[in-house]
Amino acid sequence: MSFQRVGLRFAQQLRSPAFRPALRSTLQRRFASAPTPPGQGASKLVGTADNAFNRERAAVKAHAAATSDLWRRLSIYVVIPCLILGSINAWNLWNEHWEHWEHLPPLEERVEYPYQNIRMKNFFWGDGDKTLFWNEKTNYHNKDKQT
């Protein structure tokens, strides 16, 4: 039988009045049912659906719903406040550090001890005197200055 004949016969069956109520009831049942929200329990398993595999899957689904609810609550009520408190603490420490830094003498007037800024050979970037993480505000090195 060719595919065209199979298609035509199927189309004729779809148009038959006996097939329409069965199709309509199936579609109405499918679209009318809504999944149960997590934590509100699933429908009871009956008939052939009541087997060990389906019971285990239902238990896993209930456990996953409870666990995800726990982690959502932990994220909202524990992690976010800890992040806020840690940010406030870091901000205060940052401000205290720079208030303390303002009272120090300028970089050029500070004592440069022999163990600071030891250079056995020049770095291969820049002028060869500054490290890769050199910060002009906090680091100072004068090659010509003797201690």
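When we follow UniProt numbering, the leftmost residue of the sequence shown carries the number 1, and every step to the right adds one. Note that the Cβ used here is the ideal one computed from N, Cα and C, for glycine as well.
So is residue i buried or exposed if we call it buried at 16+ other beta carbons inside 10 Å?
i	result
Y113	exposed
What is the rounded straight-line gap between the Cα of residue i and the Cα of residue j?
i	j	result
G39	E102	With a pLDDT of only 48 at G39, under 50, the local geometry of the prediction cannot be trusted, and the value read off the model is given with reservation. Near 58 angstroms, if we compare the C-alpha coordinates of E102 and G39.
L74	W91	25 angstroms
L104	K137	12 angstroms
G47	F53	14 angstroms
F3	D50	40 angstroms
Y115	H97	24 angstroms
H141	N117	7 angstroms
R119	T131	10 angstroms
I84	H100	25 angstroms
residue 160	G86	Past the edges of the chain, shown from 1 to 147, lies residue 160, and the structure says nothing about it.
A11	R5	10 angstroms
L93	D127	34 angstroms
May I ask which residues mark the beginning and end of the alpha helix (DSSP H) holding residue i?
i	result
D129	Element bounds for D129: n/a, residue is neither H nor E.
N95	I80 to E102
W134	Here W134 belongs to no alpha helix (DSSP H), and DSSP marks it neither H nor E.
D69	A52 to L74
Less than 9 angstroms between CB atoms is the rule here; does residue i satisfy it with respect to chain D?
i	result
Q4	Given the protein chain composition of this structure (a single chain), no chain D is represented.
Which one of the options has the shortest CA to CA distance from residue i?
i	options	result
residue 149	N139, D69 and F123	Coverage of the chain is limited to positions 1 through 147, which leaves residue 149 absent and any answer about it impossible.
Is the beta carbon of residue i within less than 8 angstroms of some heavy atom of the ligand HEM?
i	result
V46	For the structure depicted, the ligand HEM is absent and the ligand set is empty, with no information on it obtainable.
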